[in-house]
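In this text, residue positions in the sequence shown follow numbering that gives the first Met the number 0: the first is 0, and each later residue adds one. Note that beta-carbon positions come from the ideal geometry of N, C-alpha and C, so glycine has one too. Step one of this worksheet: look at the structure below.
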Amino acid sequence: MSDTTDYKVPALNDGEVFRNELVIKKSRFIASVGHTKGVDEAEAFLNKIRREFPDARHNCHAFNAGRGNETAFIGCSDDGEPKGTAGRPMLNVLVHSGVGEITVVVTRYFGGILLGTGGLVRAYQDSVKEVLDKLPLKEPEDISELRFAAGISEIHLVEKLSVRYGAVITSRDFTDTGCNFRITVNVKRAQELKKELELLHGKYS
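What follows is the structure in structure tokens.
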């Protein structure tokens, strides 16, 4: 069960996007934030923003899909910017912000003036800092984490049960015999989900 006092999460509804824009030397940096509970949701949010801004030169991103004080489910990408000038600087801001279950995508429209590598680092960092300063936050749900090893024939059943109980599969580790799942679920429904999973004859780690 999580400690709901040590970090915050975005106070956003499912599918909701919080946005802030900076203009630096005529380049537009549009920061979009989503509340993403797990790596799958982080990837889905990134794809959503890419579809919204398909003509942008760059859709750089960083996410911490887990607790705000942990780094088990983090990721980032420069998306074509010079290596180390976008994704990693964005992620550094995120992991020190105390905010979890979050994805930030910074969409850049080039304004014709080169910023240099140092300028790009500052621009992407500032984009994340400013949107976080304005972002509404809330306490995370009281959740439990389950780790479950499913056989090949049980994988789709685990996924269906997770949807039924409003749980989030935060990671999938596929093996020769099946898949090791990490699943987060509201603590009030954790025991019910655990009983259902036990009927599949998988194993808890």
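Should the stretch 151-171 be regarded as contacting the stretch 115-123, the criterion being three or more beta carbon pairs within less than 8 Å?
no
Taking all protein chains shown into account, decide if G65 is buried (16 or more other Cβ within 10 angstroms of its Cβ) or exposed.
The residue given as residue 65 occupies position 66 in the sequence shown. Counting Cβ neighbours within 10 Å, G65 comes out buried, since at least 16 surround it.
Using 8 Å for Cβ pairs, my map puts N219 next to V104. What's the rounded Cβ distance?
Lying before the first or after the last residue shown, residue 219 is absent from the chain, which here runs from 0 to 204.
Return the residue from the list V32, K25, F62 and V186 that minimises the CA-CA distance to D132.
On the sequence shown, position 133 is the one that residue 132 refers to. Of V32, K25, F62 and V186, the residue nearest in Cα terms is V32.
Are the beta-carbon atoms of L198 and Y164 separated by less than 8 Å?
Here residue 198 is taken as the residue at index 199 of the sequence shown, counted from 1. Here residue 164 is taken as the residue at index 165 of the sequence shown, counted from 1. No, they are not a contact pair.
Beta-carbon spacing of K7, V98 below 8 Å
One-based indexing of the sequence shown puts residue 7 at position 8. One-based indexing of the sequence shown puts residue 98 at position 99. Yes; because the gap between Cβ atoms is below 8 Å, this pair is in contact.
Hey, could you find the ends of the alpha helix (DSSP H) T116 is sitting in?
In the sequence shown, residue 116 corresponds to position 117, counting from 1. Its alpha helix (DSSP H) spans residues G115 to K133.
Going by C-alpha to C-alpha distance, which of G83, D54 and A71 sits closest to H60?
To locate residue 60, count along the sequence shown from 1; it is residue 61. Comparing Cα positions, the closest option is G83.
Quick one: using the 10 Å Cβ neighbour count with 16 as the cut-off for buried, is I29 buried or exposed?
Indexing the sequence shown from 1 puts residue 29 at position 30. Looking at its Cβ environment, which holds 16 or more other Cβ atoms inside 10 Å, I29 is buried.
Can you name the start and end residues of the alpha helix (DSSP H) that H200 belongs to?
For the purposes of this step, residue 200 is taken as residue 201 along the sequence shown, with counting starting at 1. Premise fails: H200 is in no alpha helix (DSSP H) and is neither H nor E.
Do P9 and L114 have their C-beta atoms within less than 8 Å of each other?
Translated into positions along the sequence shown, residue 9 becomes position 10. Translated into positions along the sequence shown, residue 114 becomes position 115. Against a cut-off of 8 Å, the Cβ pair of L114 and P9 comes out as no contact.
With DSSP run on the structure shown, which of helix, strand or coil describes P88?
Here the question's residue 88 lines up with position 89 in the sequence shown. Three-state DSSP puts P88 in a helix.
Taking DSSP as the reference, what is the three-state secondary structure of K47?
Residue numbering aside, residue 47 sits at position 48 when the sequence shown is read from its first letter. In this structure, K47 counts as helix in the three-state DSSP scheme.
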